[in-house]
Amino acid sequence: MQTSLHAAGEIIDHLLLPASLAQIAVIAGAALLGWWLARLLRPRLTGSTAPEDLQGRLKEATWVAAPFAATLLILATADGLLHASGVPARIADVAVQLTALLLLIRLAVYVVRVSLGARARLKGWGTPISLVVWVFLSLHLLGWGDTVIGVLDGMGMSLGKTRISVWSVAKLVVTVSLFVVAAMWVSRWLERHVLKLDALPSTMRIGIAKFTQAFLVALSVLVGLNAAGLDLTTLNVLTGAIGIGLGFGLQSIAANFVSGFVLLMDRSIKPGDVISFTGMPGTATEGFGWVEELRGRYVVVRDRDGVSTLVPNQNLITNPVINWSYGDSRVRLKLPIRISYQNDPELAMRLLLQSSAGHPRVIRDPAPVARLMSFGDHGIELELRFWIPDPQEGVNNVRSDVNRAIWRLFKEHGIVIPVAQREVRLEMVNPRVGDADPARDD
Numbered sequence: 028m029q030t031s032l033h034a035a036g037e038i039i040d041h042l043l044l045p046a047s048l049a050q051i052a053v054i055a056g057a058a059l060l061g062w063w064l065a066r067l068l069r070p071r072l073t074g075s076t077a078p079e080d081l082q083g084r085l086k087e088a089t090w091v092a093a094p095f096a097a098t099l100l101i102l103a104t105a106d107g108l109l110h111a112s113g114v115p116a117r118i119a120d121v122a123v124q125l126t127a128l129l130l131l132i133r134l135a136v137y138v139v140r141v142s143l144g145a146r147a148r149l150k151g152w153g154t155p156i157s158l159v160v161w162v163f164l165s166l167h168l169l170g171w172g173d174t175v176i177g178v179l180d181g182m183g184m185s186l187g188k189t190r191i192s193v194w195s196v197a198k199l200v201v202t203v204s205l206f207v208v209a210a211m212w213v214s215r216w217l218e219r220h221v222l223k224l225d226a227l228p229s230t231m232r233i234g235i236a237k238f239t240q241a242f243l244v245a246l247s248v249l250v251g252l253n254a255a256g257l258d259l260t261t262l263n264v265l266t267g268a269i270g271i272g273l274g275f276g277l278q279s280i281a282a283n284f285v286s287g288f289v290l291l292m293d294r295s296i297k298p299g300d301v302i303s304f305t306g307m308p309g310t311a312t313e314g315f316g317w318v319e320e321l322r323g324r325y326v327v328v329r330d331r332d333g334v335s336t337l338v339p340n341q342n343l344i345t346n347p348v349i350n351w352s353y354g355d356s357r358v359r360l361k362l363p364i365r366i367s368y369q370n371d372p373e374l375a376m377r378l379l380l381q382s383s384a385g386h387p388r389v390i391r392d393p394a395p396v397a398r399l400m401s402f403g404d405h406g407i408e409l410e411l412r413f414w415i416p417d418p419q420e421g422v423n424n425v426r427s428d429v430n431r432a433i434w435r436l437f438k439e440h441g442i443v444i445p446v447a448q449r450e451v452r453l454e455m456v457n458p459r460v461g462d463a464d465p466a467r468d469d
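First residue of the sequence shown: 28, per our numbering; consecutive thereafter.
Dropping the structure here:
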């Protein structure tokens, strides 16, 4: 420890020399100028959409590397001028090397993020991760790596036979992260190939891909812990606590994850299906929407208003769900209508069939039918029944079109749609008529 402090003191004394301070000032000026130039350049590289092709990725990579590249260019130019003027530039040389290293690390982190896909959730963390890696590698390049590791390893505590230090924790985190990144790469490669297998149903392909990803990530964590030198037998207490937590506090979450795998495997609900997830009977459209995505814990259902509802997987397993796209996509719609007893029901039923005959989404085979259902209290109850082939295009819009046609045809032919009426009769009764003489109290 004393040796390290003495070496650090000598370095500080060297940095306070006038020649060293001049080089530090040049380095700071180059860094500020580089970031200022990058700030002017970045708006020209910002696109309105996320880049997906090679040109867009190169443009985004240029945007990411702009501050570091501009700083390196200016710093290398200043370093060359210092050498040309015969001024000592040892610190500037080291700064050029370290800036080039930082640029390479930042580009490498960007490539890793792109290779892991949009679900890697590394966007926004590229610069902090790059700086951490850069600091560690810079210490090794400067020859201070072993000293820093010794200092970090000395900061810790002992728990029984196990010693935990800052360095062991950092090494554990880095090792596990590297194994997880490798597992994500492999799972992404397998996912691309599995999703191309047309022989398997789409839901089974998604299920296999998600199960493979979860298995590889879990395996990579265990292998990373073992590679970092952690004895996995010491995790028995932790795994027991996790099991108890799953049994009591996390049972709902665990049930949703298991239900998600069941939905993927049994193919009862898949992306693109049209469902009503409120369990209403018949052709009710409460909770009507399209399945956009099957996630591990929930299903994303988007309705016709553009609102996405996150339905827990367990609800779709335990509750009745109407899948309009399951099996035959054709569905039958029923439109009840009431006419007055003064009108001819035969004419009304012909008009009902005529109202649906011209609609482009009404199926001709089976043909629409009109039925006289009952003689009600307020009129004759009729019902028009017809089939449509595409409920995913909407159901209520067809109902509205046919109802408007019914109203127009009934108006043209004098068919009356009666409203509910009740007759209330009031009778005035003389209370003295028929009553006995009231008793007297003499």
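Ideal Cβ positions, reconstructed from N, Cα and C, are used throughout, including at glycine.
Same chain only: Cβ atoms within 8 Å of residue i, ignoring 5 sequence neighbours per side
i       : result
His-440 : Leu-374, Leu-378
Leu-68  : Ala-93, Ala-97
Ser-204 : Gly-251
CA-to-CA distance, residue j to residue i, given in whole angstroms
i       : j       : result
Ala-449 : Lys-361 : Correcting the residue identity first, residue 449 is Arg in this sequence and not Ala. Each residue's alpha carbon lies about 27 Å from the other.
Ser-335 : Tyr-325 : 12 Å
His-220 : Arg-232 : 10 Å
Ile-156 : Leu-129 : 11 Å
Asp-428 : Pro-298 : 29 Å
Pro-372 : Ile-433 : 14 Å
Ser-356 : Pro-416 : 6 Å
Gln-82  : Ala-197 : 37 Å
Leu-199 : Leu-252 : 7 Å
Ile-132 : Ala-236 : 31 Å
Gln-278 : Phe-284 : 10 Å
Ala-49  : Leu-125 : 18 Å
7 Å Cβ cutoff met for residue i and residue j
i       : j       : result
Val-425 : Arg-388 : yes
Ile-118 : Ala-57  : no
Pro-470 : Trp-351 : An answer regarding residue 470 cannot be provided, because it is not within the stretch 28 to 469 covered by the chain.
Gly-153 : Val-136 : yes
Val-53  : Ala-105 : yes
Leu-243 : Val-213 : yes
Trp-317 : Arg-359 : no
Ile-302 : Val-348 : yes
Val-446 : Ser-367 : no
Glu-319 : Arg-331 : no
Gly-333 : Gly-287 : no
Ala-254 : Thr-202 : yes
Neighbour flag for residue i against chain C, beta carbons, 7 Å
i       : result
Val-221 : Although the question refers to chain C, the structure presented lacks it and comprises just one protein chain.
Same chain, Cβ closer than 7 Å to residue i, neighbours up to 5 away in sequence not counted
i       : result
Leu-158 : none
Ala-127 : Leu-99
Met-182 : Ser-192, Val-193
Ala-122 : Ile-54, Leu-102
Asp-469 : Unreliable placement is indicated for Asp-469, whose pLDDT of 49 sits below 50; the coordinate value is still reported in the next sentence. None.
Leu-380 : Pro-395, Ala-397
Residue i: CB within 6 Å of a non-hydrogen atom of the ligand FAD
i       : result
Val-203 : As far as ligands go, the structure on display features none, and thus does not contain the ligand FAD.
Neighbourhood of residue i by C-beta distance below 6 Å, restricted to the same chain and skipping five residues each side
i       : result
Ser-382 : Val-429, Ala-432, Ile-433, Leu-436
Gln-240 : Ser-214
task = Could you name each continuous beta strand (DSSP E) segment of 3 residues or more that falls completely within the region 383-416, going from the start of the chain to the end?
result = Listed in chain order, they are 396-402, 407-415.
key: 4 or more residues per run - each alpha helix (DSSP H) lying fully within the region 97-164   = Runs found: 117-143.
query = Hey, is the region 101-112 in contact with the region 160-171, meaning 3+ C-beta pairs nearer than 8 Å?
reply = Short answer: they don't touch.
query = Using 8 Å as the threshold, is the region 206-222 in touch with the region 240-247, meaning 3 or more CB pairs across them?
reply = At 8 Å Cβ cutoff, the stretches touch.
query = Okay, do the region 406-415 and the region 337-349 touch, 3+ Cβ pairs below 8 Å being the bar?
reply = Because the criterion of three Cβ pairs below 8 Å is not met, the region 406-415 and the region 337-349 do not touch.
Within the region 194-237, ranges of the beta strand (DSSP E) (whole runs, at least 3 residues) = Contiguous beta strand (DSSP E) elements confined to the region 194-237 do not occur, taking only those with 3 or more residues.
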